[in-house]
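2 protein chains.
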Amino acid sequence: MQNRNISDIIEQYLKSILAEASQIEIKRSEVADQFDCVPSQINYVIKTRFTLQNGYLVESKRGGGGYIRIAKVDLISDPDILDEMIEYVGDSISETKAFQIIQTLYENDLLTHKEAHLVAAAIERSTLALSDNKLEDLIRAKIMSSILNRLRCADQ
Amino acid sequence: MQNRNISDIIEQYLKSILAEASQIEIKRSEVADQFDCVPSQINYVIKTRFTLQNGYLVESKRGGGGYIRIAKVDLISDPDILDEMIEYVGDSISETKAFQIIQTLYENDLLTHKEAHLVAAAIERSTLALSDNKLEDLIRAKIMSSILNRLRCADQ
DNA sequence: TTATAATAATAGTCAAAGTTAGTCAAACAA
DNA sequence: TTGTTTGACTAACTTTGACTATTATTATAA
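Chains as they are written, first to last, in the UniProt record's numbering: chain U, 1 to 156; chain Y, 1 to 156.
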């Protein structure tokens, strides 16, 4: 349970604040100063320990008044079905197979009727319409994976 | 959700007035004085936060008695705005601008919170993640257009 | 009085400078 | 090997001010 490195310490610090509030906003440089590390270390911590799979949503803004916002989200009780689908999608998927996945999501109440239509609109052939079919299937897979991943969140 | 910079503060001020009236008229120099900034800062705020894709119409007049008028547009009662948005998207759009559109659709109840998140997941940079930025903006535009079109038929 | 010119009073544009956060790969450590 | 640390470089957003454009008002000339 002891902290072995600075990343673990920062992770624990952020999670201790998140225990109080459901959402926090930090200034990257301030936290880096606080823990005497380079700013990009904060990115490393977030990328490795505050993923959506772990139940965190991260947003940020650059420039004056910039920030990094970390929000804790509730995950659906049974993520296995999503994991299987993401694996099935892999890095390439046809329109037909993607439609089947969307249908399954709808039947399992992970998507409403309208949501299913919107997702379908995003990935259908007539939308992507790339002359390179391989590339089209690849992009469709990226979109499907991202959406499946997002469905881990109970709310949102 | 604090204000982090003067632009955010001015944005919030203007939106708080707009919450009362559907349309407001301001004097650029007065608002600049009020918030102790240069007048062109007001232009920056308007240009980045009160565009049509943000759901606002802006008119102005120079010279004596000049003004800047900001009006809120109602997407639901004005379906033409969807067409204008599709036209605005064109065949290429950045992540930032697409996010603004999604935000506007959400604020006007054309998308639920979850639907907005799903659409965002489909078009965000980390999803499309193409080395070719031009192609990425092009595909994002195709998806956004398809989604906007789908929203024309209110219920599915 | 009327037309025109000058002046004042606005708002717009643009680019430089400033302030953040993100990426990526090399070096390092367990 | 795998995971961590570091820093140079990049990208995004904000602030500022000099310069420009437009409109209204006032002064001047015919």
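Glycine included, each C-beta is placed from N, C-alpha and C at the ideal position. Every value quoted in this text rests on a predicted model; they were computed, and no experiment measured them.
### Message
Rounded to whole angstroms, what is the Cα-Cα separation between G66(Y) and C37(Y)?
### Response
If I take the Cα positions, the gap works out to 19 Å.
### Query
Can a CB atom of chain U be found closer than 9 Å to the CB of I86(Y)?
So no, I86(Y) is outside the interface.
#### Entry: Beta carbon proximity, K142(Y) to chain U, threshold 9 Å
Output row for K142(Y): interface = yes.
### Task
For E107(U), count neighbouring C-beta atoms within 10 Å of its own C-beta (all shown protein chains included) and say buried if the count is 16 or more, exposed if not.
That one is exposed.
### G66(U) at chain Y interface by Cβ criterion, 9 Å
True, the Cβ-Cβ gap to chain Y drops below 9 Å.
### G63(Y) versus T51(Y) - alpha carbon distance
Approximately 23 Å between the Cα atoms of the pair.
### Query
Under a three-way DSSP split, which group does Q156(U) fall into?
In this structure, Q156(U) counts as coil in the three-state DSSP scheme.
### Message
Threshold first: 4 residues or longer. Then list the alpha helix (DSSP H) segments lying entirely within the stretch 74-110 of chain Y, N to C.
### Response
Runs found: 80-89 and 95-107.
### Message
Using C-beta distances below 7 Å, list every residue in its chain close to M144(Y), excluding the 5 sequence neighbours before and after it, in chain order.
### Response
For M144(Y), where only same-chain residues beyond five positions count, the Cβ hits under 7 Å are V89, I93, A98, I101 and I123.
### Task
Go ahead and label D8(U) buried or exposed: buried means 16 or more other beta carbons lie within 10 angstroms of its beta carbon, across all protein chains shown.
The residue in question, D8(U), is exposed, as its Cβ has fewer than 16 Cβ neighbours within 10 Å.
### Query
If you draw a straight line from the C-alpha of H117(Y) to the C-alpha of L118(U), how long is it?
Taking the straight line from one Cα to the other gives about 11 Å.
### Message
Quick check: the Cα distance between N54(U) and D137(Y), rounded to an integer number of angstroms?
### Response
Distance between the alpha carbons of N54(U) and D137(Y) is about 30 Å.
### Task
For M85(U), collect the residues of the same chain with a Cβ closer than 7 Å to its Cβ; drop the 5 residues on either side in sequence, then sort them by chain order.
Closer than 7 Å at Cβ, skipping near neighbours: I101 and L148.
### Query
Which bits of chain Y does A21(U) rub up against, with CB to CB less than 9 Å?
Taking a Cβ-Cβ cut-off of 9 Å, A21(U) has no neighbours in chain Y, whose nearest Cβ is about 12 Å from it.
### Task
Can you tell me which of S40(Y), Q103(Y) and D91(Y) puts its alpha carbon nearest to the alpha carbon of Y56(Y)?
That would be Q103(Y), whose Cα lies nearest to the Cα of Y56(Y).
### Task
Answer yes or no: do I70(Y) and R28(Y) have a C-beta to C-beta separation smaller than 9 Å?
In this structure, I70(Y) lies away from R28(Y), with their beta-carbon atoms at least 9 Å apart.
### Message
Tell me the residue span of the beta strand (DSSP E) that contains Q53(U).
### Response
Premise fails: Q53(U) is in no beta strand (DSSP E) and is neither H nor E.
### Task
Please confirm whether L151(U) and L111(U) have their CB atoms less than 9 Å apart.
The answer is yes: Cβ separation under 9 Å.
### Task
Evaluate A120(U) with the Cβ neighbour count: other Cβ atoms within 10 Å of its Cβ, from every protein chain shown; 16 or more gives buried, anything less gives exposed.
Looking at its Cβ environment, which holds 16 or more other Cβ atoms inside 10 Å, A120(U) is buried.
### Query
Interface residues of chain U around V119(Y) at Cβ under 8 Å?
Those within 8 Å of V119(Y) in chain U are L118 and A122.
### Query
Excluding the five sequence neighbours on either side, which residues of its own chain have a C-beta within less than 7 Å of the C-beta of V73(Y), listed in chain order?
The beta carbon of V73(Y) is closer than 7 Å to those of G55, Y56, L57 and I81 in its chain, skipping five residues each way along the sequence.
### Proximal residues, the stretch 48-64 of chain U versus chain Y, C-beta separation under 7 Å
For the stretch 48-64 of chain U, the beta-carbon criterion of a distance under 7 Å to any beta-carbon of chain Y is satisfied by G64.
### Message
Rounding to the nearest angstrom, what Cα-Cα distance links K114(U) and I10(Y) in this structure?
### Response
If you take the alpha carbons of K114(U) and I10(Y), they lie about 36 Å apart.
### Task
Return no unless some Cβ of chain U is closer than 9 Å to the Cβ of R69(Y).
It does not: the Cβ of R69(Y) has no partner Cβ on chain U nearer than 9 Å.
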